[in-house]
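Those sequence lines, one after another, are chains A and B.
Sequential numbering of the first sequence, starting at 0, is according to numbering that gives the first Met the number 0.
Sequential numbering of the second sequence, starting at 0, is according to numbering that gives the first Met the number 0.
Ideal Cβ positions, reconstructed from N, Cα and C, are used throughout, including at glycine.
Read through the structure below, which is laid out as structure tokens, and then see the notes.
Protein chains: 2
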Amino acid sequence: MQEQLSDVERIQKQRELVEAMGRLTNRGGGTTLSGRIIGLLSFFDKEEFTFEEIVEELKISKSSVSTTINHLIETDKIEYITYPGDRKRYFRIKINNRRKFLQDMRRHVEKMQKINRLALELKQDKESRTAKSISAMLESLAFFMEQMDNYEKKFLADEV
Amino acid sequence: MQEQLSDVERIQKQRELVEAMGRLTNRGGGTTLSGRIIGLLSFFDKEEFTFEEIVEELKISKSSVSTTINHLIETDKIEYITYPGDRKRYFRIKINNRRKFLQDMRRHVEKMQKINRLALELKQDKESRTAKSISAMLESLAFFMEQMDNYEKKFLADEV
DNA sequence: TAATTAGTTCGGAAATTACAGAACCAACAA
DNA sequence: TTGTTGGTTCTGTAATTTCCGAACTAATTA
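Printed below as a string of structure tokens:
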């Protein structure tokens, strides 16, 4: 099953994965660049990258790296560590970012719930087709929320 | 708790909800227009809207309505019914689109799984920080898949 | 002090997207 | 047959997004 790859081939494939991640992220609402940076920090063997290394490896401008990286830090997707006596920042993917991810997801679902609940209240005929459809939507959203709770309990109970 | 609103006020609020839905959809990857159409077909008391009525109510061009509506039909968000001897199509929201919704969700999760599994295989050191991070991601994705299965069993078992 | 490093910020080019307008078409009605 | 209804399709444009280059800054080094 597992064929043996040379290091060169392996690294080539990792590079391809980075590109694939860029495309996937791009279609999922994010930017190609942010996807590629996530991919770079996740899929390569190297564990930490400096600003300069990201620029070199992905061949994108410093300005793009700067803005994208700051956005990724803001959204808790990556983080950086520093070493004494070294001015550089060493970027790496953030591991315990699932809580933040869930938080954002919840916020969005809550907005949907709010809008749909209000819509249901405003319905003249609560038994109408559209009213029932809204109820069904609310049911789905509630289930979704429940699943997120379960996830939190299962995976994040011990995290700080 | 539930204050009594006049019909005028109620309808005014429904209109506001339609706008809010437009904004929410826009920020969630879709277009403002598609969100507004979904809102119109869901939140108003009227159960079905003709092409012309959508144009009039939302004050958007026929071309935009045409393209947006066809896209919404394609993605199973809305549908239309017809009446004998009437050339018009009557658009309404589609109710049981949860199966489709799950399907799309699964497809996306599967892509993420695929890319992450491959990335893990390609890792030189399977115990490295990044490798562990990928494993954690795969764990989360598996959990979500499981939850979706549960959902399907619980809510969609009897649907055709 | 001057030069280098590690970035940030500003302005704009290029590409993409979201719409509108107008011409068009097919079905039916007068 | 001519007009009307119910749209579709094509073209253009305004807005938005994504990215780059260049000028800038703050910290460190020579």
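For residue i, which residues does DSSP report across the bridge?
| i | result |
| --- | --- |
| residue 78 (chain A) | A:91 |
| residue 49 (chain B) | B:89 |
Are the C-beta atoms of residue i and some chain B residue less than 8 Å apart?
| i | result |
| --- | --- |
| residue 20 (chain A) | yes |
| residue 28 (chain A) | yes |
| residue 13 (chain A) | yes |
| residue 35 (chain A) | no |
| residue 79 (chain A) | no |
| residue 150 (chain A) | yes |
| residue 56 (chain A) | no |
| residue 5 (chain A) | no |
| residue 122 (chain A) | yes |
| residue 103 (chain A) | no |
| residue 68 (chain A) | no |
| residue 154 (chain A) | yes |
| residue 44 (chain A) | yes |
| residue 39 (chain A) | no |
| residue 114 (chain A) | yes |
Counting only C-beta atoms, is residue i closer than 8 Å to chain A at any point?
| i | result |
| --- | --- |
| residue 106 (chain B) | no |
| residue 127 (chain B) | yes |
| residue 118 (chain B) | yes |
| residue 110 (chain B) | yes |
| residue 9 (chain B) | yes |
| residue 23 (chain B) | yes |
| residue 71 (chain B) | no |
| residue 16 (chain B) | yes |
| residue 159 (chain B) | Below a pLDDT of 50, predicted positions are generally treated as unreliable, and residue 159 (chain B), at 49, falls in that range; no measurement from the model is reported. |
Residues in the same chain with beta-carbon distance under 6 Å from residue i, minus the five sequence neighbours each way, listed in chain order, please.
| i | result |
| --- | --- |
| residue 68 (chain A) | none |
| residue 43 (chain A) | 13 |
| residue 57 (chain A) | 35 |
| residue 53 (chain B) | 64 |
| residue 8 (chain B) | none |
| residue 118 (chain A) | 133 |
| residue 159 (chain B) | Note that residue 159 (chain B) scores a pLDDT of 49, beneath 50, so its modelled location is shaky; the value from the coordinates is reported in the next line. Contacts found: none. |
| residue 137 (chain A) | 115 |
Going along the chain, which residues of its own chain have a beta-carbon closer than 7 Å to the beta-carbon of residue i, five neighbours each way excluded?
| i | result |
| --- | --- |
| residue 108 (chain B) | 140, 143, 144 |
| residue 184 (chain A) | Given that chain A is displayed from residue 0 to residue 159, the structure contains no residue 184 (chain A) and the question cannot be resolved. |
| residue 124 (chain A) | 130 |
Note down, in chain order, each residue of its chain lying with its Cβ closer than 8 Å to the Cβ of residue i, except the 5 sequence neighbours on either side.
| i | result |
| --- | --- |
| residue 71 (chain A) | 33, 36, 37, 77 |
| residue 22 (chain A) | 31, 34 |
| residue 91 (chain B) | 40, 46, 47, 48, 77, 78, 79, 80 |
| residue 25 (chain B) | 31, 34 |
| residue 88 (chain A) | 49, 50, 79, 80, 81 |
| residue 93 (chain B) | 75, 76, 77, 78 |
| residue 18 (chain A) | 35, 38 |
| residue 111 (chain B) | 136, 140 |
| residue 28 (chain B) | none |
| residue 100 (chain A) | 75 |
| residue 61 (chain B) | 50, 54 |
Using only the heavy atoms of the ligand MG, determine whether one of them is closer than 7 Å to the beta carbon of residue i.
| i | result |
| --- | --- |
| residue 21 (chain A) | The ligand MG is absent from the structure shown, which contains no ligand whatsoever. |
Counting only runs that start and end within the region 98-155 of chain A, where is the alpha helix (DSSP H) found for 4 or more residues in a row?
128-155
Interface positions of the region 84-96 of chain A facing chain B (Cβ-Cβ less than 8 Å), listed along the chain:
91, 92, 94
In chain order, what residues of the region 133-147 of chain B put their CB closer than 9 Å to some CB of chain A?
133, 135, 136, 138, 139, 142, 143, 146, 147
Entirely enclosed alpha helix (DSSP H) segments - the region 49-73 of chain A, minimum 4 residues
50-57, 61-73
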